[in-house]
Ligand code: 13P
């Protein structure tokens, strides 16, 4: 999952989320359209083989077959990548805590994991969402989410599935980089304490954190070097070296921004393998190029291959603006 020069393609948008993304591009979100789009990505052979270690799928997708009847999971495996599955049921409003959420999905998870293992999944993802705002996050929301992540991770390991532990501190808001640092530090400390209490085997998990960035509405922007310094510092303080890999989410950064920041982070390095587990930052350009039209398939694949190669370079600290301008 964190092999050198490879990273994870997060293609696990729920039907609601992909429908929203398609809607912005006036693409009708039918089960076939979602299949056609994801099939196009998984059939981008060279990029998949060279730059993608694993693909996170959504429940609908892991059960779908390509146009020619081949299960999508088989396409991923044929490219030498590992199929994974999002198993959380989404972030829901936390009762009594206005503006905060709790990620649901623990009920029946043991049985679902066994089902997904049978369908080919060898790793899983659970995303906890932490908001920043006035008086937020509260200790209770962070602790409840961390406990759920730890219970999920334990169940995954029992099932022989590698858990991706994803506590995402959102970029929404006008907070500065220092506030993102402080909140992320508290969140990661809490998550690793809960993982310890739940007896999770740290050598058998991947951490998927946010980078340390200012909020989207913050006037003070941060350079990739500033992002990298703060991100590596918080991880060194909170993530044990026993964790083999850290795969960042893009979280609403632009695609080039997410690449530039990963590159700067990789140049500093850490005791863990560092890479990407991007959704939007790997797919936005491809989705736009595709626009739901079969004749745009090649252009969409080229756009996806370009971003995959840029992020592969970034995961090795070898990306540059010059590379970015090479033809997609
Ligand atoms: P983004 O990279 O678009 O944030 O998505 C990654 C992901 O899997 C979020 O759970």
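Residue numbers (the working numbering): 1416 to 1743. Quick reminder that beta carbons are idealized off the backbone N, C-alpha and C, glycines included.
Can you tell me whether residue i is buried or exposed? The criterion is at least 16 other CB atoms within 10 Å of its CB, across all chains shown.
i            : result
residue 1440 : exposed
residue 1510 : exposed
residue 1483 : exposed
residue 1554 : exposed
residue 1508 : exposed
residue 1609 : buried
residue 1722 : buried
residue 1727 : buried
residue 1708 : exposed
Hey, could you find the ends of the beta strand (DSSP E) residue i is sitting in?
i            : result
residue 1690 : 1688 to 1693
residue 1506 : 1506 to 1508
residue 1389 : This structure cannot settle anything about residue 1389, because the visible part of the chain is limited to 1416 through 1743.
residue 1542 : 1538 to 1545
residue 1498 : 1497 to 1501
residue 1480 : Element bounds for residue 1480: n/a, residue is neither H nor E.
residue 1517 : 1516 to 1518
For a quick check, are the C-beta atoms of residue i and residue j less than 7 Å apart?
i            : j            : result
residue 1383 : residue 1542 : A query on residue 1383 cannot be resolved here, the shown segment of the chain reaching from 1416 to 1743 and no further.
residue 1584 : residue 1621 : no
residue 1696 : residue 1670 : yes
residue 1627 : residue 1605 : no
residue 1425 : residue 1692 : yes
residue 1514 : residue 1548 : yes
residue 1592 : residue 1658 : no
residue 1578 : residue 1535 : no
residue 1664 : residue 1631 : no
residue 1586 : residue 1666 : yes
residue 1522 : residue 1473 : no
residue 1421 : residue 1452 : no
residue 1437 : residue 1429 : no
residue 1518 : residue 1563 : yes
Assuming residue i is part of the alpha helix (DSSP H), what are its boundary residues?
i            : result
residue 1526 : 1524 to 1533
residue 1569 : 1554 to 1573
residue 1471 : Residue 1471 -> not in any alpha helix (DSSP H); beta strand (DSSP E) instead, spanning 1467 to 1472.
residue 1737 : 1736 to 1739
residue 1449 : 1446 to 1457
residue 1719 : 1712 to 1730
residue 1627 : Unbroken run through residue 1627: none, as it is neither H nor E.
residue 1607 : 1592 to 1612
residue 1652 : 1639 to 1653
residue 1487 : 1487 to 1493
Closest by CA to residue i, which one among the options?
i            : options                   : result
residue 1490 : 1522, 1419, 1712 and 1454 : 1454
residue 1656 : 1688, 1540, 1459 and 1676 : 1688
residue 1573 : 1527, 1460 and 1466       : 1527
residue 1394 : 1494, 1428 and 1447       : This structure cannot settle anything about residue 1394, because the visible part of the chain is limited to 1416 through 1743.
residue 1639 : 1681, 1704 and 1518       : 1681
residue 1570 : 1732, 1553, 1434 and 1540 : 1540
residue 1530 : 1463, 1517 and 1575       : 1575
residue 1702 : 1469, 1652 and 1448       : 1448
residue 1478 : 1550, 1461 and 1533       : 1533
residue 1599 : 1711, 1722 and 1552       : 1552
residue 1642 : 1676, 1650, 1649 and 1434 : 1676
residue 1557 : 1590, 1524, 1597 and 1538 : 1597
residue 1559 : 1629, 1602 and 1460       : 1602
residue 1402 : 1633, 1685, 1619 and 1634 : Outside the modelled stretch of the chain, which goes from 1416 to 1743, sits residue 1402, for which no answer is possible.
residue 1590 : 1487, 1683 and 1637       : 1637
residue 1739 : 1673, 1705, 1713 and 1716 : 1673
residue 1625 : 1612, 1486, 1619 and 1661 : 1661
Check your understanding: Which full runs of the alpha helix (DSSP H) of 4+ residues lie inside the region 1416 to 1440, going along the chain?
Key -> 1430 to 1439
Practice item. At 4 residues or longer, and completely inside the region 1664 to 1688: list those alpha helix (DSSP H) runs for me, N to C. Key: 1670 to 1683
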